[in-house]
Amino acid sequence: MNDALTIGFYGAAAEVTGSRHLISAAGSRVLLDCGMFQGHRRETLDKNRSFPFPPENLQAVVLSHAHVDHSGALPLLYKKGAQAPLWCTPVTQELTALMLLDSARIQESDARFFNKIHAADGQRITPLYSEDDVRHCLGHLRARDFGASLEAAGGITASFASAGHVLGSAMVLLDVSVPGGRRRILFTGDLGRRQSLLLQPPIPPQGADYLLIESTYGGRSHAPLGDLAGAFAAVVRRAIADKGKILIPSFALERTQEIVFMLEKLRREHGIPPIPLYVDSPMAVEITNIFNRHLADSGFSPAFKDYTAKAGDPFGMDSVHYVRTKEESQALNDLPGPMIILSASGMCEGGRILHHLRNNINKETTTVLLVGHQAEGTLGRHLQDGAKKVKIFGLEHEVLAKVETMHAFSSHADKDDLLAFIAALDPKPRAIFLVHGDPDQRGALAQSLQAAGIKGVVCPKFGQVVTLD
Ligand SMILES: [Zn+2]
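Letter by letter, the sequence shown follows residues 1284 to 1752 of the numbering used here.
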């Protein structure tokens, strides 16, 4: 048996999805995250279907947060024989159940649709897992609060520190016994910003010998949050004057709650006239309920808690229309503007937002407001790039709507946040592994770190196993 302490990088290495890192020491194996790879279909399916380590040999799985690029392959891991407890924070436990069940439903309906249109040519896809597989996996979930330590495996203890990325998101600290001592590994998971609308910024935990840090925006600086309120208010006032609809494609977790909160604040503090706001995503409704149940959590920023203590009800459960059924969603088509509709998916790749776009994109009074990253090749990106015509459900539509982008929304640390995080570590780790970043972004961060005189920066490749001394 190999007694050495090693890290195997089995995902989110030179890319942003499929976060999976395997820590091994003296016969103990702990897996950090088990995310789904997202991207071009064939290659991703192959990568998602196999694990380069035996799932049944794991003693623990530790999950940083609920996003599917960190959690989305867990049901498959347990379907393929994993027995280990699956540790996360209490909020992540609730959110992960929702996200994974939703992921199974999407895969099942995608497969049905794909197989139907390919009935003649015989091509078939099968979902990675079913809702039953998700329920089996959820049975292994164990929650631990921030700061409380847990025995992950023989000689390896783990604890969580708040990462400030989405509610419940954690950095993972592993203390590993090695001959003659102990090594501390800090895995940031996805790291939040120093300034956030809702969340407490992450506080860098000290004493790490080795750091695994994300690098999604390792080469980019986000616009300051302070500019948002004015820009948002201007868009809302224009829609009110034009009696238009503002369509906001939005991720159900965190981004939707941020926008609802910002609009509530604008209404109460900046005197923008009332405008009906519809949150048209059953997932977003459920997630907002989870946020509401955890308003007293330490993860929220003092400013947000202060606001909630004074004004109450930050997500406007009394004034915002939370839309659940398909019928309620369709009924929005016949209602006149002005109104704001927040709906998934965030990059206009599926979901109810497509129906709202189809019905409103050819109207000059419509505003499409993009508040999240729009990946290459998505409908959201085409709109952002100024396309005059777009295809929705295979039919061409003329774009007469105004399309605006607000870059200041991001739940990821930018280059300056990442550099500040590492600068605050004293002493510096022996090695810093840059993960969860496309090659250009993590390359840029590596260069900035080297320029700042930081030593031991490593950009691991997919499948690489590194021995730590
Ligand atoms: Zn994330």
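Even for Gly, the Cβ is constructed at its ideal location relative to N, Cα and C.
Query raised in the report: Would you call the CB atoms of L1450 and V1374 closer than 8 Å?
Result: Numbered from 1 along the sequence shown, position 167 holds the residue referred to as residue 1450. Numbered from 1 along the sequence shown, position 91 holds the residue referred to as residue 1374. Result yes, Cβ atoms of L1450 and V1374 sit closer than 8 Å.
Query raised in the report: What does DSSP give as the partner residues of Y1493 in its beta bridges?
Result: Within the sequence shown, numbered from 1, the residue matching residue 1493 stands at position 210. Answer is I1468, A1714, bridged to Y1493.
Query raised in the report: Which residues in the same chain have their Cβ closer than 6 Å to the Cβ of E1391, if we skip the five residues on either side of it in sequence?
Result: Residue numbering aside, residue 1391 sits at position 108 when the sequence shown is read from its first letter. P1410.
Query - Close-in-space but distant-in-sequence residues of the same chain around G1669 (CB under 6 Å, 5 per side omitted) - result: Residue 1669 sits at position 386 when you count from the first residue of the sequence shown. Answer for G1669: no residue qualifies.
Query raised in the report: Can you list, in chain order, the stretches of the alpha helix (DSSP H) that have 4 or more residues and sit fully within the region 1683-1713?
Result: 1698-1706
**Report entry** Reduced DSSP category for A1670 - H, G, I as helix; E, B as strand; rest coil
**Finding:** Position 387 of the sequence shown, counting from 1, holds the residue named residue 1670. Coil, per DSSP.
Query raised in the report: If you count every other CB in all the chains shown that lies within 10 Å of the CB of T1750, and 16 or more means buried, which is it?
Result: Position 467 of the sequence shown, counted from the start, is the residue given in the question as residue 1750. With fewer than 16 other Cβ atoms within 10 Å, it is exposed.
**Report entry** When K1528, S1445, V1417, A1295 are compared against D1617, the one with the closest alpha-carbon
**Finding:** Your numbering for residue 1617 matches position 334 in the sequence shown. If we check each option's Cα against that of D1617, K1528 comes out closest.
Report task. Measure the alpha-carbon distance for A1783 versus T1688 and round it to whole angstroms. Result -> Because the chain in this structure spans residues 1284 to 1752, residue 1783 falls outside the shown range and cannot be described.
Report task. Indicate the three-state DSSP secondary structure (helix, strand or coil) for C1371 in the structure shown. Result -> The sequence position of residue 1371 within the sequence shown is 88, counting from 1. In the structure shown, C1371 sits in a strand (DSSP, three-state: E or B).
**Report entry** Any residue whose CB is nearer than 5 Å to a heavy atom belonging to ligand 1, listed in chain order
**Finding:** H1350, D1473
Query - Local Cβ density within 10 Å of T1650, reported as buried at 16 or more and exposed below that - result: Against the sequence shown, residue 1650 aligns to sequence position 367. That one is buried.
Query raised in the report: Which residues share a DSSP beta bridge with A1441?
Result: Within the sequence shown, residue 1441 is the residue found at index 158, counting from 1. Bridge partners of A1441: L1433, L1457.
Query raised in the report: Straight-line CA distance for Y1493 to R1466?
Result: Here the question's residue 1493 lines up with position 210 in the sequence shown. Here the question's residue 1466 lines up with position 183 in the sequence shown. Taking the straight line from one Cα to the other gives about 8 Å.
Query raised in the report: According to DSSP, what are the bridge partners of M1622?
Result: Locating residue 1622 in the sequence shown gives position 339, where the first residue counts as 1. Answer is K1528.
**Report entry** Nonlocal neighbours in the same chain, by C-beta distance under 6 Å from P1338, ignoring five residues either side
**Finding:** Residue mapping note: residue 1338 aligns to position 55 of the sequence shown, counting from 1. If we look at P1338 and ignore the five residues flanking it on each side, its Cβ neighbours are L1360, K1363, G1364, A1365.
Requested in this report: Could I get the ranges of all uninterrupted beta strand (DSSP E) runs contained in the region 1334-1365, with 3 residues as the minimum, in chain order?
Outcome: 1343-1345
Query raised in the report: Any idea what DSSP makes of G1513, helix, strand or coil?
Result: Walking along the sequence shown from the start, residue 1513 turns up at place 230. Correct three-state label for G1513: helix.
Query - A1734, enclosing alpha helix (DSSP H) - first and last residue - result: Against the sequence shown, residue 1734 aligns to sequence position 451. Run containing A1734: 1722-1734, per the alpha helix (DSSP H) assignment.
Query raised in the report: Which value, in whole angstroms, describes the spacing of the CA atoms of F1334 and A1567?
Result: Here residue 1334 refers to the residue found at position 51 when the sequence shown is read from its first residue. Here residue 1567 refers to the residue found at position 284 when the sequence shown is read from its first residue. Approximately 31 Å, taken between the alpha carbons.
Query - Residues bridged to H1680 (per DSSP) - result: Sequence index remark: in the sequence shown, residue 1680 carries index 397 (1-based). Paired residues: V1673.
Query raised in the report: Smallest Cα separation from I1636: which of R1520, K1593, S1413, L1530?
Result: Position 353 of the sequence shown, counted from the start, is the residue given in the question as residue 1636. When only C-alpha atoms are compared, the closest one is L1530.
Query raised in the report: Do G1620 and T1648 come within 8 Å of each other at the CB atom, strictly closer than that value?
Result: By 1-based counting over the sequence shown, the position of residue 1648 is 365. By 1-based counting over the sequence shown, the position of residue 1620 is 337. Result yes, Cβ atoms of T1648 and G1620 sit closer than 8 Å.
Query raised in the report: Cα separation between Y1412 and P1358?
Result: As a working note, residue 1412 is residue 129 in the sequence shown. As a working note, residue 1358 is residue 75 in the sequence shown. So the two alpha carbons sit approximately 7 Å from each other.
Report task. Return the CA-CA distance between A1586 and A1512, expressed in angstroms with no decimal places. Result -> As a working mapping, residue 1586 is identified with position 303 in the sequence shown. As a working mapping, residue 1512 is identified with position 229 in the sequence shown. About 16 Å.
Requested in this report: Go through its chain and collect everything with a Cβ distance to N1643's Cβ below 6 Å, but skip five positions before and after it.
Outcome: Along the sequence shown, read from residue 1 onward, the residue named residue 1643 stands at position 360. So the qualifying residues of the chain are K1528, T1649.
Query raised in the report: Should the region 1691-1706 be regarded as contacting the region 1727-1738, the criterion being three or more beta carbon pairs within less than 8 Å?
Result: yes
Query - Proximity to G1677 [Cα-Cα], best of K1738, A1684, I1400 - result: Numbered from 1 along the sequence shown, position 394 holds the residue referred to as residue 1677. Looking at the Cα atoms, I1400 is the closest of the given residues.
Query raised in the report: The alpha helix (DSSP H) spanning L1640 covers which residue range?
Result: The sequence position of residue 1640 within the sequence shown is 357, counting from 1. Per DSSP, L1640 belongs to the alpha helix (DSSP H) from 1636-1643.
Query raised in the report: What's the gap between the Cα of L1474 and the Cα of D1580?
Result: To locate residue 1474, count along the sequence shown from 1; it is residue 191. To locate residue 1580, count along the sequence shown from 1; it is residue 297. Between L1474 and D1580, the C-alpha separation is close to 18 Å.
Query raised in the report: Using the C-alpha atoms, what's the distance from F1745 back to L1495?
Result: On the sequence shown, position 212 is the one that residue 1495 refers to. On the sequence shown, position 462 is the one that residue 1745 refers to. Each residue's alpha carbon lies about 14 Å from the other.
Report task. Pull up the distance between the alpha-carbon of A1614 and that of D1709, whole angstroms please. Result -> Along the sequence shown, one-based indexing puts residue 1614 at 331. Along the sequence shown, one-based indexing puts residue 1709 at 426. Taking the straight line joining both Cα atoms gives about 57 Å.
**Report entry** R1538 and V1654 closer than 8 Å at C-beta
**Finding:** Within the sequence shown, residue 1538 is the residue found at index 255, counting from 1. Within the sequence shown, residue 1654 is the residue found at index 371, counting from 1. Yes, the Cβ-Cβ distance between R1538 and V1654 is below 8 Å.
Query - Beta-carbon contacts of L1760 that lie in its chain and below 8 Å, excluding the five residues immediately before and after - result: Examination of residue 1760 is not possible in this model, given that the chain is present from 1284 through 1752 alone.
Query raised in the report: In the structure shown, what three-state DSSP assignment does G1291 receive?
Result: Counting from 1 along the sequence shown, the entry for residue 1291 is found at position 8. In this structure, G1291 counts as strand in the three-state DSSP scheme.
Requested in this report: With a 10 Å radius around its C-beta and 16 neighbouring C-beta atoms as the bar for buried, classify G1472 as buried or exposed.
Outcome: Here residue 1472 is taken as the residue at index 189 of the sequence shown, counted from 1. Buried is the call here.
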